[in-house]
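Colleague:
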Amino acid sequence: MAEGEPAAERTRSSRRVARVLGRGFALHLKMMMRSSFDGLLGVLWPLFFATIAFLMFRAGAGGESLVFASFGAAVMGIWSSTSTSAGSAMQRERWHGTLELLVSAPVHFATVLLPVTVAMSAMGLYSMVATLLISRFAFGVDLPFEHPVAFGFAVVATVVSIGAMGFLLAVSFVRYRTAWALGNLLEYPVWLIAGFLVPLTLLPGWVRPISWLLAPTWGVDAIRDAASGSSAWPEIALALGLGAVYLTIGIAVLETVLASARRAGSLALA
Amino acid sequence: MPPVVEAIDLHRTYRTTTGTFRRRSLEVEAVRGVSFAIEEGELFGLLGPNGAGKTTTIKMLITLLIPTSGQARVLGRDVVEDARWVRERIGYVFGGDRGLYERLSALDNLRYFAELYGVEPGRQRARIGELLELVGLQGREKERVEGYSRGMRQRLHIARGLLHDPPVIFLDEPTIGVDPVGARELRKTIFGLKEAGKTVLLTTHYMFEADALCDRIAVVTRGKIVAEGTPRDLKDQVSDGVVVEIEVYGIENGKVESLRGIDGVTSVAVEDRDQAQVVVVQAEVGREPTHDVLARLDGVSLGRVTTREPTLEDAYVALVTEEPVAADG
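Protein chains in written order, with this note's numbering: chain A, 338 to 607; chain B, 448 to 776.
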């Protein structure tokens, strides 16, 4: 009995974490879907991304390059949604006056924060689908889907790993009120460095190690490989692995960041 | 038995900056040595004007701010060392419009916080139902919060703070901005918490509210407790003496300050009433300051002058308007 108790306690605790994550994800997704501003961006972004990709590559090589760019543009939506919204989400919690309530809840703050950023990348998923549809039907790009199962896994791995990257960013937003600008600042460089629109081989050699550390690089690679018929599993594993690393770092520094915010009194300031 | 809530010489300093180009760092002492103890089942009031340090004190007690120095304990545990343990056993409700997800329904809000506060899944539905009934929101729970009145939001706040049935509840100005009828309903709910055996810390800047609800009151001003006791004790402090009220039309600060120098005057305050201002002068028992006051107001356009006995409100005003002593800086 005595030995069973810690195990039962662990199970109870894991179930609770799973419920907090699930409820948080559903709540934030619901909230974002009800925002007319987010809705408008959801309509505009895919149009914008698909048009950029199409115009850039139609003028150049066309054919395979258009397919390359269409998938890249599709992942741009997930990344843009997460990078720009992760910061504003924390700022929004400050404006709503809910940040303090969330911090004072008796759960690890990571279980509160993670569903917010994953919900954002999931919203980006809509942008991805819309971008692909626009590429296909508005611009007539013939998109292949050779390995649908791997393609599905690649998309999920990309969403989750970008969500984890957003989580790492959001950790800093909890402490520093102006850090949301960092998210906006990172939006465009990552488009380039992660190879969304330009193959990494065209970038200077010193950029490549940075690209390898970014989960979106492997996510978009996995999506392209699965679509074109190559094996995508190593890239899927790398995207998920990097996502796990971001999460571990974020969770490790979160308590320190929160203690610093409680010392500085920055949780309530809008 | 140790107190349920204990503040021991709490201090809290904030750093802030001034200036745009030539920035200067400033230290603001929001709380300067606050100590008090609340016993089990007691409804304790922290009373003071805006900016007195009430909210900062409460935020240290609920683990949101780390004290610059001093110690705070809830149910015998240190709020810095055992923050998680303390959080599981306290409820926090603040006043005003914020603290809710506007685009979601009351039910969505309560479900999410029930999860965060570890309410057992099988118990959530019943608990939320009980609380909606307690705060009078049953039937409205599926509406979006953005359509709620200030009073409804405040009641939803209270329901949220009670989800996990905490033994200790912190209420930070819960009736602020609520209309008189709504505020009365809220006070009834707060009194119900005390009757249910909860230990409650209430902050307010309404004297009558503290008087009506609290077993004991601490008056806070400029980050310090200047008086503590039962409402009766505080009333007794001013049961003697006299208050002179003079209606004036435009008075300079220098004139007001000069009244403080009159022998026997214990406090001077200026209140705005309609077109005029009213200078309220309190004096010690046996003094009749009217003549001296009028002499010093020479040249000021005067209206009605009345003399009356002091009330509890006067005690409060006297406490929070007293000049800081030099040692306080």
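Idealized CB from N, CA, C, for every residue including glycine.
Whole angstroms are fine: how far does the CA of Leu749 (chain B) sit from the CA of Val689 (chain B)?
Modeller: 20 angstroms
Colleague: Can you list, in chain order, the residues of its chain whose CB lies under 7 angstroms from that of Asp739 (chain B), leaving out five sequence neighbours each side?
Modeller: Ile709
Colleague: Is there a Cβ from chain B that is less than 7 angstroms from the Cβ of Trp433 (chain A)?
Modeller: Residue identity check: residue 433 (chain A) is His in the sequence provided, not Trp. Cβ-Cβ to chain B under 7 angstroms: yes for His433 (chain A).
Colleague: According to DSSP, is His484 (chain A) part of a helix, a strand, or is it coil?
Modeller: coil
Colleague: For Gly523 (chain B), which residues in chain A fall below 8 angstroms Cβ to Cβ?
Modeller: Those do not exist, as Gly523 (chain B) stays about 17 angstroms from chain A at its closest Cβ, beyond 8 angstroms.
Colleague: For chain B, find out if any of its Cβ atoms is closer than 7 angstroms to the Cβ of Met338 (chain A); answer yes or no.
Modeller: The predicted model places Met338 (chain A) with a pLDDT of 47, which falls under 50 and marks its position as unreliable; any figure quoted below should be read in that light. At a cut-off of 7 angstroms between beta carbons, Met338 (chain A) makes no contact with chain B.
Colleague: Can you list, in chain order, the residues of its chain whose CB lies under 7 angstroms from that of Arg600 (chain B), leaving out five sequence neighbours each side?
Modeller: Asp544, Leu547 and Val592
Colleague: Between which two residues does the beta strand (DSSP E) holding Ser372 (chain A) run?
Modeller: It is not in any beta strand (DSSP E) - Ser372 (chain A) carries neither H nor E in the DSSP assignment.
Colleague: Should Tyr595 (chain B) go down as buried or exposed, given a rule of 16 or more other Cβ atoms within 10 Å for buried?
Modeller: buried
Colleague: Can you tell me whether Lys589 (chain B) is buried or exposed? The criterion is at least 16 other CB atoms within 10 Å of its CB, across all chains shown.
Modeller: With a 10 Å radius around the Cβ and a threshold of 16 neighbouring Cβ atoms, Lys589 (chain B) comes out exposed.
Colleague: Run down chain B in chain order and give the residues with a C-beta less than 9 angstroms from the C-beta of Ser372 (chain A).
Modeller: Arg550
Colleague: Under 7 angstroms between beta-carbons, which chain A residues line up against Ile509 (chain B)? List them in chain order, please.
Modeller: Ser441
Colleague: Could you list which residues in chain A have their beta carbon closer than 7 angstroms to that of Leu512 (chain B), in chain order?
Modeller: Close to Leu512 (chain B), with beta-carbon spacing below 7 angstroms, are these residues of chain A in chain order: Arg599 and Gly602.
Colleague: Would the beta-carbon of Ala576 (chain A) fall within 7 angstroms of that of Ala487 (chain A)?
Modeller: Against a cut-off of 7 angstroms, the Cβ pair of Ala487 (chain A) and Ala576 (chain A) comes out as no contact.
Colleague: How far does the beta strand (DSSP E) with Gln724 (chain B) in it extend, from its first residue to its last?
Modeller: Ala723 to Ala730
Colleague: Output, in chain order, the set of chain B residues within a Cβ distance shorter than 7 angstroms of Glu437 (chain A).
Modeller: Leu511
Colleague: Do we get a CB-CB distance below 7 angstroms when we pair Arg356 (chain A) with the residues of chain B?
Modeller: yes
Colleague: By the 10 Å Cβ neighbour count, where 16 or more other Cβ atoms means buried, how is Arg470 (chain B) classified, buried or exposed?
Modeller: By the 10 Å Cβ count, Arg470 (chain B) comes out exposed.
Colleague: Along chain B, in chain order, which residues have C-beta atoms closer than 7 angstroms to that of Val444 (chain A)?
Modeller: Leu563
Colleague: Using beta-carbon positions only, say whether Ile547 (chain A) and Ala447 (chain A) come within less than 7 angstroms of one another.
Modeller: no
Colleague: Near Ile485 (chain B), which residues of its chain fall below 7 angstroms by C-beta distance, leaving aside the five closest residues on each side in sequence?
Modeller: Pro450, Val451, Val452, Phe491, Thr646 and Leu648
Colleague: Flag this pair as yes or no: are the beta carbons of Thr510 (chain B) and His458 (chain B) separated by less than 7 angstroms?
Modeller: no
Colleague: Checking contacts by CB at 7 angstroms: is Leu377 (chain A) closer than that to chain B?
Modeller: no
Colleague: From B:Val540, B:Ile513, B:Val728 and B:Arg534, pick the residue whose C-alpha is nearest to that of Val527 (chain B); which is it?
Modeller: B:Ile513
Colleague: Pick from B:Thr737, B:Val673, B:Glu731 and B:Ala561: whose alpha carbon is nearest that of Arg356 (chain A)?
Modeller: B:Ala561
Colleague: So what does DSSP say about Thr753 (chain B), is it helix, strand or coil?
Modeller: Strand at Thr753 (chain B).
Colleague: Quick check: the Cα distance between Asp375 (chain A) and Ile623 (chain B), rounded to an integer number of angstroms?
Modeller: 33 angstroms
Colleague: Find the nearest neighbour of His365 (chain A) within the set A:Phe408, A:Gly409, A:Ser422 and A:Phe405, judged by alpha-carbon distance.
Modeller: A:Ser422
Colleague: Pull out every residue of the segment 449-464 of chain A whose Cβ sits closer than 9 angstroms to any Cβ of chain E, in chain order.
Modeller: Among the chains of the structure shown, chain E does not appear; the protein chains present are A and B.
Colleague: When the Cα of Glu632 (chain B) is compared with those of B:Val667, B:Arg607, B:Leu584 and B:Ala665, which residue comes out closest?
Modeller: B:Leu584
Colleague: Within 7 angstroms (strictly less), CB to CB, does Met369 (chain A) reach chain B?
Modeller: no
Colleague: For chain A, check one thing: does any of its Cβ atoms lie closer than 7 angstroms to the Cβ of Glu620 (chain B)?
Modeller: no
Colleague: Mind listing the chain A neighbours of Tyr539 (chain B)? Cutoff is C-beta to C-beta under 9 angstroms, in chain order.
Modeller: Glu437, Leu438 and Ser441
Colleague: Taking only runs of the alpha helix (DSSP H) that begin and end inside the segment 509-576 of chain B, which ones reach a length of at least 4 residues, in chain order?
Modeller: 530-535 and 553-563
Colleague: Helix, strand or coil: which one does DSSP assign to Glu486 (chain B)?
Modeller: coil
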